[in-house]
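A.B. asks:
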Amino acid sequence: MPTSGTPSRRTLKSAGLALLFTLAAALLPQAASAQEAGLLASHKSPFNCGKTFDANNWSPGHSPSGSIDWQTRGSDAINGETVRATASGTAYFSDAGSTSYGKWVEVRHGDGTRTRYAHLATMVRSAGGSMSVGQGTTIGTVGSTGGSDAPHLHYEQRTSTGAVDTSPTVEGVTVSLGQEKAITSSNACSGGNPYTPEEVCGSGYGVIDSAALTGGRTYLLYNTGNGNNCVVTLKTTNVGSASSMSAFLEPEGASRTTNSGSFSYYAGPVTRSAPGQCVKWGGSIGSSSYTSPFEHCG
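Heads up: the sequence shown is residues -34 to -1, 1 to 264, going by mature numbering (1 follows the signal peptide of the UniProt record, and there is no 0).
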């Protein structure tokens, strides 16, 4: 059932977004193809591994119809929670100010579909910025910016035409109009690895980029508190068995720092300060390796 204060939040959203979505509804087809429906169904929850939150597809009165409000469930308070991309693509960062979405991110996926994440407290890029993301890459934190009167995450799945999917599927669970379901995240669970990139790098670090490797993934993290970068490579196969792995970080104009060896779970953390500098980062698992260009400057 809707929690206390929900009607007010829905009223605020409707007032701030009604014109935008009425126009969109008039211009865009409303039905997803069967292929797109299958692709949309592969999305993970937008939260850390193991976190359980209520997914509410309010009807009537939610704007746009079919979007989900993620809210606190039990002891998992949602305010300030890490928000992760539910599928890979390119993330675009925006700020609508005190109305509508507030701070929000749109991820455009390779199949033409899109997801939106709104009312964020913080974003990992400034408004107008963009970045490539993998499924599970951190894009911000939950807040209550824009047309919202309580912390929650507004989430949409859109087809390639721009139409909102009114029965979005997350973690294999379909949340149809009028439904509320508790969904546990398997996002960023590292394929059975008991460690997360944030745990390896330490308190205050959040993932800002990642790249797939055969048998795992390498991650770049950033700590807004001290300005340090951190790189870690995590296994998703042969977890617990020692094998060749590495992680490295190289501020532009400085030497590279590498952690390599035979590890059971992860390589790293490699931590460097790079104020006002671009960084090159990456790692390897066996013969599979990734090296970024100099990027994430400043």
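All C-beta atoms, glycine included, are put in the ideal place defined by N, C-alpha and C.
Going by beta-carbon coordinates alone, are Ser142 and Ser151 separated by less than 7 Å?
C.D. replies: Cβ atoms of Ser142 and Ser151: not closer than 7 Å.
A.B. asks: Let's test the definition: count the other Cβ atoms within 10 Å of the Cβ of Asn204 and tell me whether it reaches 16, buried, or not, exposed.
C.D. replies: With fewer than 16 Cβ atoms within 10 Å of its Cβ, Asn204 is classed as exposed.
A.B. asks: Let me know if Asn225 comes out buried or exposed under the rule of 16 or more other beta-carbons within 10 Å of its beta-carbon.
C.D. replies: So Asn225 ends up on the buried side.
A.B. asks: For residue 273, name the three-state secondary structure that DSSP assigns.
C.D. replies: Since the first and last residues shown for the chain are -34 and 264, residue 273 lies out of range.
A.B. asks: Does the count of Cβ pairs from the stretch 160 to 171 and the stretch 227 to 245 closer than 8 Å reach three?
C.D. replies: Yes, the stretch 160 to 171 is in contact with the stretch 227 to 245.
A.B. asks: Taking the continuous beta strand (DSSP E) assigned at Ile149, which residues delimit it?
C.D. replies: Here the beta strand (DSSP E) through Ile149 covers Glu146 to Thr150.
A.B. asks: CA-CA distance, Pro217 and Arg238?
C.D. replies: Near 8 Å, if we compare the C-alpha coordinates of Arg238 and Pro217.
A.B. asks: Alpha carbon to alpha carbon, how far is Gly181 from Cys155? Give it in angstroms, no decimals.
C.D. replies: Distance between the alpha carbons of Cys155 and Gly181 is about 14 Å.
A.B. asks: Expressed to the nearest angstrom, what Euclidean distance is found between the alpha-carbon atoms of Ser66 and Gly242?
C.D. replies: C-alpha separation (whole angstroms): 33 Å.
A.B. asks: Work out the CA separation of Arg124 and Ser212 for me, nearest whole Å.
C.D. replies: So the two alpha carbons sit approximately 38 Å from each other.
A.B. asks: Which residues bound the beta strand (DSSP E) around Trp70?
C.D. replies: Note, Trp70: beta strand (DSSP E), Lys69 to Arg74.
A.B. asks: Quick one, are the C-beta atoms of Ser60 and Trp70 less than 7 Å apart?
C.D. replies: Yes, they are a contact pair.
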